[in-house]
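Reviewing the structure listed below.
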Amino acid sequence: MNKRLLTLWVLLLVGILIAACGGGGSTTPEPTAAPEMTEAATAVEEATTEPVATEPAGEASGDVIQLQLMGWASSDAENTRLQEMIDNFNSANSDVQAQLLLVPDYDTKLQTSLAGGAPPDVFYIDSFKLPDFVAANAIAPIGDELENVDDFYPNLRDAFTLDGTLYCPPKDFSTLALEYNKDMFDAAGLDYPTADWTWDDLRNAAEALTDSDNGVYGMVLSADMARWIAFLYQAGGTVTNADSTSMTLDSPEAKEAMDFYVGLVQDGYAAQPADLDSGWPGEAFGKQKAAMAMEGNWIIPFLQDQFPDVNFDVVELPAGPGGKATMSFTVCYGVPANAAHHDASVRLVNFLTGSEGMKAWTDLGLAMPTRASLRDTWLEKFPNLEPFLNGAEYSHPWQFQPGFQDVLDTVNSGLQEAFTGLTTTDQVLQNAQEVGTEVLNR
Amino acid sequence: MTVATGIRGEDRQNAVAGWLFMTPTILIFSVFVIIPIIAAVYFSMTDWNGISPPAEATFIGLDNYKTILTQPGIRQTDFFTALKNTTYFALGVVPMQTIISLLLAVVVNQSLLRFKSFFRTTYYFPSITSSVAISLMFLFFYQKSGLVNQILSTLTFGAWEPIAWMADPRGLIHIALSWFGLTIQTAPDFLTQTSLFGVPLWSWISGPSVALTGIMIMNTWTTIGTMMIIFLAALQDIPNFVYEAAQIDGASAWSQFRRITLPMLRPTMFFVVTLGLIGTYQVFDQIYVMSSGGPAKTTLTIAYLVYRNGFNNSQMGLGAAIAILLFIIIFALTMIQRRITGSEAAV
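Going down the list, the sequences are from chains A and B.
Take any residue in the first sequence, count from 1 to its spot, add 7: that is its number in the numbering used here.
Take any residue in the second sequence, count from 1 to its spot, add 842: that is its number in the numbering used here.
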């Protein structure tokens, strides 16, 4: 064979092998993994490598456990704060060095890393996703290893408890409350909403505030089960029975809640974000095209940042025929099953969600503390957020059985059709009931 | 080496060299294409949830396919809703993009046209722009007070009622039927009560929703550039003497186009329509950015359903089965299309 050809071939092959292998070994935190990290994460890397380098060369480098904490990016202030906390953890623990990875397209990335058998050591888990992860045996229950578990609000503990087992601690939470535009209430000559409002008060105010000729509505509502469900609970209804064996969306309470929610839109007192030139309700509220919105505390920094001129306040959601209810959305720090460094990972989780860590994390007034013992000091600092925090007492967790995404999709799409008059509320509930029954029987 | 026995020495050496040079490509192709395809076929026959390691998945034979195709339930309904949406998408986009890109190619091929290269570049531009960027831009255009509504309002002297395009689940055929008083309330029972594959007949004949139509228009706009370039290359391949001969025989411009250009473009036409069919049946990115399958699942396409099942519903096995079905659908359509266009047109 031609010698030159052979050399060329070998070179090509070697080149490809090198290129192929270079992308592979990203399970160990090496600089090669950098392209996938956000700026914040890259900064972490620089920070974390420092202490290691300063230690006496020799024994240390082999014994130091490297941890990865993976999450999604939120506001700059929160990202920076979390990084500071990780830095503090690293300086307090010479044998463990944690690294923060804030990644885009989080769900996909987490799922593939779990399936690939090399998950991060600690990662965010949304309460809605938890049942799927538990069903897949993907996460370790660390409830017994947590500090002062009873201090967490019971509702939030429930969000991460399945079949009596607490899987992971809530890192923070959000609840739904009613945001209202003070100027628009003043202009309409209405009293501001109060915490003891009822559905009728809400509906009457929405009617009075609507000026559809000028494209202004009393309220902005989206075709979203995550909002409608608050009315379902307020009506005294539920999605499933207590032990989650059968669906209960065929109840008169569900019908009442659905009629009320859809009725607000059908009667023209509320509009969807898209009809108000907005991507989500918060934007429509900020543009002052709707006098009331029903969002979580994430709307506050958004409004302060994007619409600083809006004169608004927050009040707890009105009570329905079945009493007060709201939704809580919460995320926990999970540790994977078969974790490489289980104890060190739990130590990091305890550091972040212990009383001190929780205080440091929630001190910005953006995330709310999940520990009841921090309530008073936190409220002293952020009194205007009290309606959100109060929700912790009577909120329902945003969590169902594995596979409930199908039910969620069915309700969302049904609400959308009902808003447009393409279907009836009875039909929406019937479909959701059927799909839910199918999911529960899988 | 015994790879090429029975061939003369020099040829054999060339053959060996050829294979050697192809080795890298074959390796890359295997790792990134062939192995994933085999894996997808395998996973489509498992109950893999996409979270646990794939080795833990149980082999369940054709159960996923049965669930999708024959078992009444939300998974069957979702698949056939997606099939319906995607088919409306293809039926709208493929003819539109083929006709418009052919017209554009003919226009920019005119020797008399000035600023020819300017127009060629302009028409091609959307094809090389990131589809995510274009999708975000169109989201603004399709807002209730957005550009599209404003233009339509101006053109109709204010008669056009602004709509929020991307939030409108009404089907175009349903809207047309409603002008004749036929709505879901007045439609005969056999339309609303009878279901085919979990989707009521009334929904099958919905037509593309307003939201899907918006995406169809955008998709046409972004793809005609590429199709135009292909047509342009083919047009310039048609020898001039054919036209000259026709002109001497007194053929008009129209009959030259109909009797010379179109027949000569037939292989290209097959190619463009095939590309169009494959592209439309696989549409994903614009859906992901603009609508996430909403409003009311009217922009749920097959490719997007694959993603939803794999990453939102923890049913990777089911998603893989849908992906395989999508492949079969595209393959069948291409074969049918090839039959219609004529086998001599095969590229």
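For glycine and all other residues, C-beta sits at the position ideal for the given N, C-alpha and C.
The structure presented is a predicted model; accordingly, all values stated were derived computationally and were not measured.
Measure from the C-beta of residue i to each C-beta in chain B and report whether the shortest distance is under 8 Å.
i, result
"threonine 333 (chain A)", "no"
"leucine 447 (chain A)", "no"
"glycine 124 (chain A)", "yes"
"phenylalanine 144 (chain A)", "What sits at residue 144 (chain A) in the sequence shown is asparagine, not phenylalanine. Yes, asparagine 144 (chain A) counts as interfacial toward chain B."
"serine 33 (chain A)", "With a pLDDT of 37 at serine 33 (chain A), under the threshold of 50, the modelled position of this residue cannot be trusted; read the value that follows with caution. No, serine 33 (chain A) does not count as interfacial toward chain B."
"phenylalanine 528 (chain A)", "Given that chain A is displayed from residue 8 to residue 449, the structure contains no residue 528 (chain A) and the question cannot be resolved."
"phenylalanine 140 (chain A)", "yes"
"alanine 439 (chain A)", "no"
"valine 442 (chain A)", "yes"
"proline 218 (chain A)", "In the sequence as presented, proline is not what sits at residue 218 (chain A); that position holds aspartate. No - not a single Cβ of chain B is within 8 Å of the one on aspartate 218 (chain A)."
"aspartate 207 (chain A)", "no"
"phenylalanine 314 (chain A)", "no"
Could you check if residue i is buried or exposed, using at least 16 other CB atoms within 10 Å of its CB as the buried criterion?
i, result
"glutamine 939 (chain B)", "buried"
"methionine 1177 (chain B)", "exposed"
"tryptophan 1007 (chain B)", "buried"
"leucine 997 (chain B)", "exposed"
"alanine 374 (chain A)", "buried"
"glycine 330 (chain A)", "exposed"
"phenylalanine 167 (chain A)", "buried"
"aspartate 350 (chain A)", "exposed"
"phenylalanine 871 (chain B)", "exposed"
"serine 101 (chain A)", "exposed"
"arginine 449 (chain A)", "exposed"
"aspartate 274 (chain A)", "exposed"
"methionine 365 (chain A)", "buried"
"phenylalanine 921 (chain B)", "buried"
"lysine 388 (chain A)", "exposed"
"leucine 946 (chain B)", "buried"
"arginine 850 (chain B)", "exposed"
"glutamate 424 (chain A)", "buried"
Any beta carbon from chain A within less than 8 Å of residue i's own beta carbon?
i, result
"lysine 908 (chain B)", "no"
"asparagine 991 (chain B)", "no"
"glutamine 985 (chain B)", "yes"
"serine 995 (chain B)", "no"
"proline 895 (chain B)", "yes"
"proline 968 (chain B)", "no"
"asparagine 1154 (chain B)", "yes"
"isoleucine 1047 (chain B)", "no"
"isoleucine 876 (chain B)", "no"
"glycine 892 (chain B)", "yes"
"glycine 1067 (chain B)", "no"
"isoleucine 916 (chain B)", "yes"
Using 8 Å for Cβ pairs, my map puts residue i next to residue j. What's the rounded Cβ distance?
i, j, result
"alanine 297 (chain A)", "alanine 291 (chain A)", "5 Å"
"glutamine 104 (chain A)", "asparagine 95 (chain A)", "Their Cβ separation, rounded to whole angstroms, is 12 Å, which puts glutamine 104 (chain A) and asparagine 95 (chain A) out of contact at 8 Å."
"tryptophan 204 (chain A)", "phenylalanine 267 (chain A)", "Actually they do not touch by this definition, with Cβ atoms about 14 Å apart."
"proline 1050 (chain B)", "phenylalanine 931 (chain B)", "7 Å"
"glutamine 295 (chain A)", "asparagine 221 (chain A)", "No, glutamine 295 (chain A) and asparagine 221 (chain A) are not in contact; Cβ-Cβ is about 11 Å, not under 8 Å."
"methionine 1069 (chain B)", "serine 943 (chain B)", "3 Å"
"alanine 237 (chain A)", "leucine 324 (chain A)", "6 Å"
"valine 1194 (chain B)", "leucine 978 (chain B)", "In the structure as shown, chain B begins at 843 and stops at 1189. Residue 1194 (chain B) is therefore absent and cannot be evaluated."
"leucine 359 (chain A)", "methionine 191 (chain A)", "Actually they are not in contact, since the Cβ atoms of leucine 359 (chain A) and methionine 191 (chain A) sit about 40 Å apart, beyond 8 Å."
At a Cβ cut of 7 Å, what residues of the segment 1004-1022 of chain B count as close to chain A, listed as they run along the chain? Ala1006, Met1008, Ala1009, Pro1011 and Arg1012
Taking beta-carbon pairs under 8 Å, can you tell me which members of the segment 411-430 of chain A lie near chain B? Gln412, Asp413, Asp416, Thr417, Asn419, Ser420, Gly421, Gln423, Glu424, Thr427, Leu429 and Thr430
With a floor of 4 residues, list each alpha helix (DSSP H) that falls wholly inside the segment 884-934 of chain B, ordered by position along the chain. 905-911
Mind listing, in chain order, the continuous alpha helix (DSSP H) runs of no fewer than 4 residues lying wholly within the segment 957-991 of chain B? 958-970 and 973-983
Enumerated in chain order, which unbroken segments of the alpha helix (DSSP H) with a length of 4 residues or greater are wholly contained in the segment 133-172 of chain A? 137-142 and 161-166
At 4 residues or longer, and completely inside the segment 193-264 of chain A: list those alpha helix (DSSP H) runs for me, N to C. 206-216 and 232-241
Which runs of the beta strand (DSSP E) at least 3 residues long sit entirely within the segment 314-386 of chain A? Give them in chain order. 319-322 and 333-341
Given a limit of 7 Å on CB to CB distance, which residues of the segment 88-121 of chain A reach chain B? Asp114, Thr115, Gln118 and Leu121
Suppose only complete runs of 3+ residues qualify. What are the beta strand (DSSP E) ranges in the segment 260-312 of chain A, listed by chain order? 297-302
With 7 Å as the limit, tell me which residues of the segment 932-966 of chain B have their beta carbon closer than that to any beta carbon of chain A; keep them in chain order. none
Which residues, in chain order, does the segment 1025-1041 of chain B contribute to contact with chain A at a C-beta distance below 8 Å? Ile1026
In chain order, which continuous runs of the beta strand (DSSP E) of length 3 or greater are located wholly inside the segment 1091-1155 of chain B? none
Interface residues of the segment 1130-1154 of chain B facing chain D [CB-CB below 7 Å]: In summary, chain D is missing from the structure at hand, where the protein chains are A and B.
Taking beta-carbon pairs under 9 Å, can you tell me which members of the segment 258-283 of chain A lie near chain B? Gln279, Pro280, Ala281, Asp282 and Leu283
Give, in chain order, every unbroken run of the beta strand (DSSP E) that is at least 3 residues long and sits entirely within the segment 82-130 of chain A. 103-109
Entirely within the segment 989-1028 of chain B and at least 4 residues each: give me those alpha helix (DSSP H) ranges in chain order. 989-997 and 1014-1021
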